[in-house]
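Below is one structure, written out as structure tokens; the observations come after it.
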Amino acid sequence: MVIRPECRQCFSDEDIDFLASVLGIHHEPRSVYELLHDPEALNIMLDEPVLFDIICNNPTITNEISQHLLFFILVRHSLRELEVEDRLLADYGASLLVNLIQHPYLQRPSFILQPLNFILQIIQELSTIDDENQRFIHRMAIANLTLFLIGVYPERIRARRAQDKTPHLSYLERLACHHLHYAIRSPVVVQFGLREMLSCCLRHFRRLRLAFNVIGDYEFFDRFTRHNHTTGWLSA
2 MVIRPECRQC FSDEDIDFLA SVLGIHHEPR SVYELLHDPE ALNIMLDEPV
52 LFDIICNNPT ITNEISQHLL FFILVRHSLR ELEVEDRLLA DYGASLLVNL
102 IQHPYLQRPS FILQPLNFIL QIIQELSTID DENQRFIHRM AIANLTLFLI
152 GVYPERIRAR RAQDKTPHLS YLERLACHHL HYAIRSPVVV QFGLREMLSC
202 CLRHFRRLRL AFNVIGDYEF FDRFTRHNHT TGWLSA
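Basically our numbering = 1-based index in the sequence shown + 1.
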């Protein structure tokens, strides 16, 4: 599972209409096209605090805008509250969430029922792989899935830990950072064009996880998943 920061490239016409409506901008079709190709203008719009407030206080917003815009705004504003201004990191975090919503990993019963065991399976597979490309992909899967769990579902991990021997959040954070560190050192990371991006992610890993904690509190992710989380591990 290799994630690339690409949410900003995927905004829809409806997303731009939403931004214009919320911010009181009157526009013609041509101006919408120009806006999409004017990074500075788009940056100013996306940083408006009112966007975060409206999204968090509107339960039907997921039907009005794309997942790309939704999660970019949530991650971007949550990171800014934590004094992280890197827009590319916000895009990476948002892209990770969007990809996980759609990824087959999340739909597998073994992940829904016992996600930490599922991650352990990937770690065990890693120990049997010699191909450097596949080792990189496995390390990124471990880092991304672990970040997702400790970011979006920390309370469920704590609840599960009270029942059995589930690892502590701090251990899981170190696990994710360990595999992210070695992914950055992999000779194939250059082929993916992600060395700088992943290095930034590692530097700000704790704050990215805390930003995901904020998003998890609003339960946006649960609205998109096909599975009913009232049963199984994630409902703990």
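In this text, a Cβ means the ideal position worked out from N, Cα and C, and glycines have one as well.
Go through its chain and collect everything with a Cβ distance to Y183's Cβ below 7 Å, but skip five positions before and after it.
Same-chain partners within the cutoff: R140.
G152 to D18, Cα distance in whole Å?
Each residue's alpha carbon lies about 30 Å from the other.
Could you pull out every residue in the same chain whose Cβ sits closer than 7 Å to the Cβ of D16, ignoring the five residues on either side in sequence?
Cβ within range, chain order: I66, S67, L70.
Would H78 pass as a contact of L52 if the rule is Cβ separation under 9 Å?
In this structure, L52 lies closer than 9 Å to H78 by Cβ.
Apply the 10 Å Cβ neighbour rule to L98 and answer buried if 16 or more other Cβ atoms are within range, or exposed otherwise.
The residue is buried, with at least 16 neighbouring Cβ atoms inside 10 Å.
The alpha helix (DSSP H) spanning N59 covers which residue range?
N59 -> no alpha helix (DSSP H), and no H or E assigned at all.
Of the choices S200, E84, R186, whose alpha-carbon is the least far from that of R241?
The structure shown does not extend to residue 241, since the chain spans only 2 to 237, so no value can be given for it.
Cβ atoms of L181 and P168: under 9 Å apart, would you say?
No. Outside cutoff.
On the premise that L173 lies in contact with T147, defined as a C-beta separation below 8 Å, what is that separation, rounded to the nearest angstrom?
Going by Cβ atoms, the distance from T147 to L173 rounds to 5 Å, so yes, they are a contact pair.
By Cβ distance, which residues of its chain are closer than 7 Å to I56, with the 5 residues on each side in sequence left out?
Closer than 7 Å at the Cβ level, and outside the excluded window around I56, lie I62, L71, I74, L75.
Return the CA-CA distance between M1 and E126, expressed in angstroms with no decimal places.
The shown model of the chain, from 2 to 237, leaves out residue 1, and the question about it has no answer.
Only counting the same chain, and skipping five residues up and downstream in sequence, which positions put a Cβ closer than 6 Å to that of N100?
Contacts found: I4.
Taking the CB atoms as reference points, tell me whether N64 and P155 lie closer together than 9 Å.
Cβ distance not < 9 Å, so N64 and P155 don't count as in contact.
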